[in-house]
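Since the structure comes first, as structure tokens, the remarks are kept for the end.
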Amino acid sequence: MKSEMSRNGANHHENVACPFCGILCDDLDIGPSGDGLKVLKNGCVKSVAGFERPLSEPKPQIDGKDVSLDEAITAAARLIKESRLPVFGGLGTDVDGIRAAIALAEKGGGVVDHALSEGQYRNFRVLQNSGWVLTTLTEARNRADLFIVAGSDIHKLHPRFFERIVCNEASMFSDNPPKRTVVFLGEGLDQSAVAGKRIGEVLTIPAKADRIAEILDAMRAMNKGGAVSGDTIAGLPRAAVEDLLERCKAASYGVIVWAPPSLTFPNADLTVQAISEFVKEINLTSRFAGLSLGGNDGATSAGAVCSWQSGFPLRVSYADGTPDYDPVRFSATKLLDAKEADLLLWLSSFSPDIPPPDTDIPTIFLAAPGFKSARTPKVYIPVGTPGVDHAGTMVRVDNVVSLPLKKLRQSNLPSAADVLEKIEAAL
Amino acid sequence: MLIKLTGGKVYDPANGVDGEVRDIFIEDGRIVSPDPNAKVDHEYAVHGKVVMAGGIDPHSHIGGGKMTIARMMLPEDHMHDTVARTDLTRAGVGHAVPSTMLTGYRYAEMGYTAAFEPAMLPANARQAHMEMADTSIIDKGAFVMLGSDDFFLRQLAGKKDFSAIKDYIAWTMHAAQAIAVKVVNPGGISAFKFNQRKLDLNEKHVYYGVTPRDIIVTLARGLKELGVVHPLHIHGCNLGVPGGYETTLETIKGAEGLPIHLTHIQFHSYGTEGDLKFSSAAAPVAEAINTNPNVSCDVGQVMFGQTCTASGDSMRQFITSRSATPKKWVVMDIECDAGCGVVPFKYRDKSFVNALQWAIGLELFLLINDPWRLFLTTDHPNGGPFTWYPHLIRLLMDKAFRNDMMQKINPDALKYSTLASLDREYSLYEIAIMTRAGPARSLGLKDRGQLGVGAWADITVYDDNPDREAMFTTPELLFKNGELIVRNGKIIKVVNGATHVARPSYDPGIEKSLKPYFDDYHTVRMDNFRLSDDEIINGGRGSLIIQPTGARVA
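One line per chain: the protein sequences are R and Y, in this order. For the numbering used here, add 1359 to where a residue sits in the first sequence, where the first one is 1. Counting from 1, position 470 in the second sequence corresponds to residue 460 in the numbering used here; the numbering is continuous, with no gaps.
Quick look at the structure:
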């Protein structure tokens, strides 16, 4: 097999893009190792787990019994045809996979939603309500002199974010770039990756996550010249908040970073909004930008493709043929909990570890091999992982850059797009 | 299969045909001159109908990140215009920022066969092309944005050898799969990142020390010497600024006779007269265009109603955000490459400013003499959605209709415009130039935008209805590459359009400077930055048409 060729053979890949988190680092070297792949350069805990997962090629199943792919596709198509309201959830796939999922949902009259929509909606609600000023990874990497990490454990979600965007030594704007200040606004955030020549002060402001919005609102009010009373703000000494505001105003390019999946308290969209409104305010006089992270498991690709094809960022129902949008009603979780849906097609091609919702309605799982589920799905079709088993494209978390994914090994696993297109054709 | 369109009145300005009754024959996708004895397989009797080439929109924001931000941002605008799937067509939404498939359908239903995305950021090129790939039926292409990207600004500030700059321009066109180059607020998008809030034509970028004029001249000369057919597509400095017309006149002068295209000049033709210090300067701008044959333009006509402005001009859009309707907006600094600003906007006919913007656009149409250098656009969706084109054509062709519409707008606005005194009415021949032959020639689209023998059979047949809005809203027939796609304004067949690109030559040695630049500063590797042909073709979803370029000079 090709994957067993020597390191100098055709199967040593450089500049590989990694689909296993939203940052899509594309500087990995990957080569063959025994039966599998090995990350040779620029790996992280997520990419190693993803790329080095051994290849297995199980058969599709119906009710837990091995069947041919054609039989599984026929059975899946029949279930969709008979369904009153199918939900097309998970959607952990690449651009072509999302395209195929939306086409199938249209024809099957179902709802599309992503596994991580709850987090993404903390942002989408703000975009649809008031907007923001944002930056992107390369811009922040070269330009920022102040980073504020707001209530999000970035290192856990994106193990190479600090290495690549914050601690990088080179900046295109100076041979001797000024040291950066990094402020951790929140409790218990992993700071271990913030080190090196480029890093100046590292500050911790131990705000409770659900009170970060108060701090941003207070700073916005202060900046406008409004009166903010009290010796403490959001449980912090007033002086700490005033100091933070002064740092923001003095920064030549400040960046405030958050990851919506980390903001797991109720109404966290209001925190994203407070951050965004503060950034707008500071921009009246100096430059500042938000940088939203997350976007793992293809969430960004799903949101983008669904938006350009349907007009709406997920949570779209095609039950009556038109795109019907309701970010509350058409949450996959909600439809399953309320038993409004009568069929779940769950797509998860990046990792076997993301659990599908526990539901007693019939399920069709298109998932990476090794997939675990509490109940036996009606139909299970193992699919390849984009960027490992087949080529593809994904949209990076900043919604600007997209990256090509390579096929790194020979495998008989079909792509999710292929399977979905075949199901659609069989409808 | 030989197809015959019999007895139509043909308007084919590229071949000097002005309403003559002619038969047109199609075979294998192209217009042919068959043997007189050849058997016609299918005949369409189009006696008395108007026959033109398929419409070509040379400036319409149809694909790319800022459009998808706009789509995500405006569910309320889509909800009034949702469209169900059919056995033939996909579901989608319309109005200001339509979904991709529907964008293609609506262009086709309006008699258009191509549209060009004018503001593709190199860093966002892959997504722009994916969106365009999902834009059904029509051909497309994109202008790649340069001039605020740090690599170019470093070259310019470092006084790099001009041929290396040309190599970089050409490399970027290849890498981004572009047909032309656009500059947006030259240097200004970058200057905004350094907290400059305006950048006049001769003002220095605070970090790089170069001026917008330097940038324009360098890019315009570079493209000319690279043999790229479409001249530098310029969204100038000071968009929307009262008094901005002076910048426009200076930009024309500063081009030193080099070919340039000034886009959405309506937004760049504002004077400062009157109590509100806002007036039309269409007359001097039109005069400058009339007397400078190196300059072409499109208008960016404003239409009344809700729309969304989406631009690479982060500097100006940040200021425009004060007028956002509804009150939400996005500004982004992007990848040491470019920026964007998305600001929803509602143009009101009773607003003095908006009414005057509408009048200025029409004035420009009516005062610029040469339709070969003037293209019909609303800068979709910035001045209004492209679905307004039939209405706009009627405004240009029908003075009485124009007068009626003038009665509805803010009456004070007309005091600061010469519109009411202009009697010109466009002919069908001139409309065919502005919407077909002119854009095709300007973009260098070989065998498109015309109906001569050998041309691709992109053909629209209209009923010759004196209500020109009705006529252009619902063509009777539309052929794409010889296939019948639309009948009586309804789609009967769906095809995938092609992507037009241009590939001027470059010395691959430029990658010796680009690779370390990407490695040291960027978050994307050079090899991944570049879009391959296979990504466009994507198993048949798309196809490429490489348009000719002239010989490179030095």
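For each residue, glycine too, the CB sits at the ideal point set by N, CA and C. Treat the numbers as computed from the prediction; the structure is a model and nothing was measured.
- Looking at the DSSP output, Arg12 of chain Y sits in a beta bridge with Y:Gly(-2).
- For Pro1763 of chain R, the uninterrupted beta strand (DSSP E) run begins and ends at 1761 to 1764, by DSSP.
- In this structure, the beta-carbon distance from Ile155 of chain Y to Pro176 of chain Y does not fall below 8 Å.
- Listed in chain order, the beta strand (DSSP E) runs fully inside the region 65 to 126 of chain Y are 102 to 110, counting runs of at least 3 residues.
- Between Gly1670 of chain R and Pro1682 of chain R, the C-beta spacing is below 8 Å.
- Within chain R, the residues Thr1495, Glu1498, Val1759 have their CB atoms less than 7 Å from the CB of Ile324 of chain Y, given in chain order.
- Rounded to the nearest angstrom, the gap between the Cα atoms of Asp1748 of chain R and Ser304 of chain Y is 40 Å.
- Here the alpha carbon of Cys1377 of chain R sits roughly 49 Å from the alpha carbon of Trp362 of chain Y.
- The count of Cβ pairs closer than 8 Å, one atom from the region 1517 to 1525 of chain R and one from the region 1402 to 1414 of chain R, reaches three, so the stretches are in contact.
- By the neighbour-count definition (other C-beta atoms within 10 Å, threshold 16), Arg1500 of chain R is a buried residue.
- The way I'd put it, the region 462 to 476 of chain Y doesn't touch the region 507 to 516 of chain Y; fewer than three beta-carbon pairs between them come closer than 8 Å.
- Taking every protein chain shown into account, the CB of Val443 of chain Y has fewer than 16 other CB atoms within 10 angstroms, so this residue is exposed.
- Beta-bridge partners assigned by DSSP to Met135 of chain Y: Y:Lys172.
- Neighbours of Asp1385 of chain R across chain Y, judged by C-beta separation under 7 Å: Val514, Arg515, Asn518.
- With respect to the 8 Å criterion, Gly131 of chain Y and Val485 of chain Y are not classified as neighbours on the basis of their beta carbons.
- Look at Phe1520 of chain R: its C-beta is not under 8 Å from any C-beta on chain Y.
- A residue is called buried when at least 16 other Cβ atoms come within 10 angstroms of its Cβ; Arg1458 of chain R meets this threshold and is buried.
- Within 7 Å of the CB of Phe335 of chain Y, no CB atom of chain R is found; the nearest one sits about 13 Å away.
- Counting of Cβ neighbours within 10 angstroms places Glu236 of chain Y among the buried residues, the total reaching 16 or more.
- Beta bridge pairing from DSSP links Trp319 of chain Y with R:Gly1490.
- At a cut-off of 8 Å, the C-beta of Met62 of chain Y has a neighbouring C-beta in chain R.
- Nearest CB-CB separation between Gly1545 of chain R and chain Y: not below the 8 Å threshold.
- Within the model, the alpha-carbon separation for Trp1667 of chain R versus Val1675 of chain R is close to 12 Å.
- Contact of Ala81 of chain Y with chain R by beta-carbon distance below 8 Å involves Glu1465, Ser1669, Tyr1677, Gly1680, Thr1681, Pro1682.
- Around the beta carbon of Asp1757 of chain R, a 10 Å sphere encloses 16 or more other beta carbons of the protein chains shown; the residue is thus reported as buried.
- Taking all protein chains in view, the Cβ of Thr281 of chain Y is surrounded by fewer than 16 other Cβ atoms within 10 Å, so the residue is classified as exposed.
- By a beta-carbon distance limit of 8 Å, Pro538 of chain Y contacts Gly434 of chain Y. Their separation comes to about 7 Å.
- Residue nearest to Gly1649 of chain R within the set R:Asn1626, R:Pro1714, R:Ala1554, R:Leu1486 is R:Leu1486 (criterion: CA-CA distance).
- For Arg520 of chain Y, there is no enclosing beta strand (DSSP E), as DSSP gives it neither H nor E.
- Under a 10 Å Cβ-count criterion, Ile482 of chain Y is classified as exposed, with fewer than 16 other Cβ atoms of the shown protein chains found around its own Cβ.
- About 5 Å separates the beta carbon of Arg1646 of chain R from that of Tyr1612 of chain R, a gap short enough to meet the 8 Å contact definition.
- Taking the beta carbon of Trp1617 of chain R as reference, no residue of chain Y falls within 9 Å; the closest one sits roughly 16 Å away.
- Partner residues in a beta bridge of Tyr379 of chain Y, as assigned by DSSP, do not exist.
- Considering only beta carbons, the part of the region 86 to 101 of chain Y lying closer than 7 Å to chain R consists of Ser89, Thr90, Met91, in chain order.
- Identification of chain Y residues near Pro1763 of chain R by a Cβ-Cβ cut-off of 7 Å yields Asn518, Glu525, ordered along the chain.
- For chain Y, the residues of the region 1465 to 1488 of chain R that bring a beta carbon within less than 8 Å of one of its beta carbons are Glu1465, Lys1466, Phe1483, Leu1486, Gln1487, Asn1488, in chain order.
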